[in-house]
Amino acid sequence: MERIITPAGPSRPAQAARRNPRPSDQTDEQEQEHIVHTIFGGTATGDTPSSRRSYVREARQYARGEYINMTEHISKICRQDSAPITFTDDEADRLLHPHNDALIGEIRVAGNVIRRVLIDNGSSADIMFMDAFSRFKIEGVALTPARTPLYEFSGECVRAAGTVSLPVTIGDGPERVTRMVEFIVVDRPSVYNVILGRPTLNAIKAVVSTYHLAMKFPVE
1 MERIITPAGP
11 SRPAQAARRN
21 PRPSDQTDEQ
31 EQEHIVHTIF
41 GGTATGDTPS
51 SRRSYVREAR
61 QYARGEYINM
71 TEHISKICRQ
81 DSAPITFTDD
91 EADRLLHPHN
101 DALIGEIRVA
111 GNVIRRVLID
121 NGSSADIMFM
131 DAFSRFKIEG
141 VALTPARTPL
151 YEFSGECVRA
161 AGTVSLPVTI
171 GDGPERVTRM
181 VEFIVVDRPS
191 VYNVILGRPT
201 LNAIKAVVST
211 YHLAMKFPVE
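Right, dumping it as structure tokens:
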């Protein structure tokens, strides 16, 4: 069992130094003008304060061994045993190495083939851009207002145009899965049509390898 060791508080000289930083420290802080963040926010834990509090309450109950799923959330406990998912060096032979390419794929959304889909396990939301949404040939599909904002890489707040739940199929033939995905629709320019984030990747138990530029997931 690992022990977590909390460092003791700073000594008096250290506290004095913190109150009176050296000129070099001040220069370093002044030079730090830009901070790069990841995409976070969205409706993964709910779109209202009450739903987010319920999500946190369930997580705390589960941590104490008191978990009872009394909400509409999908159970957070993985109950299905799956075969190990592995990647081999042979699967990377088709690529030119070294590379730093992003994993871009193709999915089917409500019968529409969508290309330029970014697989991003750094995003806490599944995002569809308005340009792609407006091209859908689906009758009776309307956006639901969304209250929860998104935050871009720069930390800038982005208000969503709305949310929409659509059936998404990933894979081909027998090696495919279909899930209902709640997309946050954003009216911003992008080179991608869709960003598949952690909500969907976790729902299908996907394992992503950027080295192999591949994603694997169990199928029934």
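Just so we're aligned: the sequence shown equals residues 1 to 220 in UniProt numbering.
Beta carbons are placed, not taken as given, at the ideal position from N, Cα and C, and that holds for glycine.
Note on geometry: alpha-carbon atoms of Met130 and Ala206 lie some 26 Å from one another. Taking the Cα positions, Asp126 is about 11 Å away from Asn202.
The DSSP-derived three-state label of Ala214 is strand. Proximity of the region 175-194 to the region 88-96 falls short of the contact definition, fewer than three beta-carbon pairs being nearer than 8 Å. Residue pairing by DSSP puts Glu175 in a beta bridge opposite Asp172. A residue is called buried when at least 16 other Cβ atoms come within 10 angstroms of its Cβ; Ile104 does not meet this threshold and is exposed. Looking from the CA of Asp120, the closest CA among Leu196, Thr200 and Glu220 belongs to Leu196. The beta carbons of Ala146 and Gly162 sit closer together than 7 Å. Residue pairing by DSSP puts Leu118 in a beta bridge opposite Ile104 and Ile195. When rounded, the separation of the alpha-carbon atoms in Ile184 and Gly155 is 18 Å. A Cβ-Cβ distance of about 6 Å is found for the pair Val194 and Ala132, placing them in contact under the 8 Å criterion. Between the beta-carbon of Ser82 and that of Pro199 there is about 19 Å, and that puts the pair past the 8 Å contact cut.
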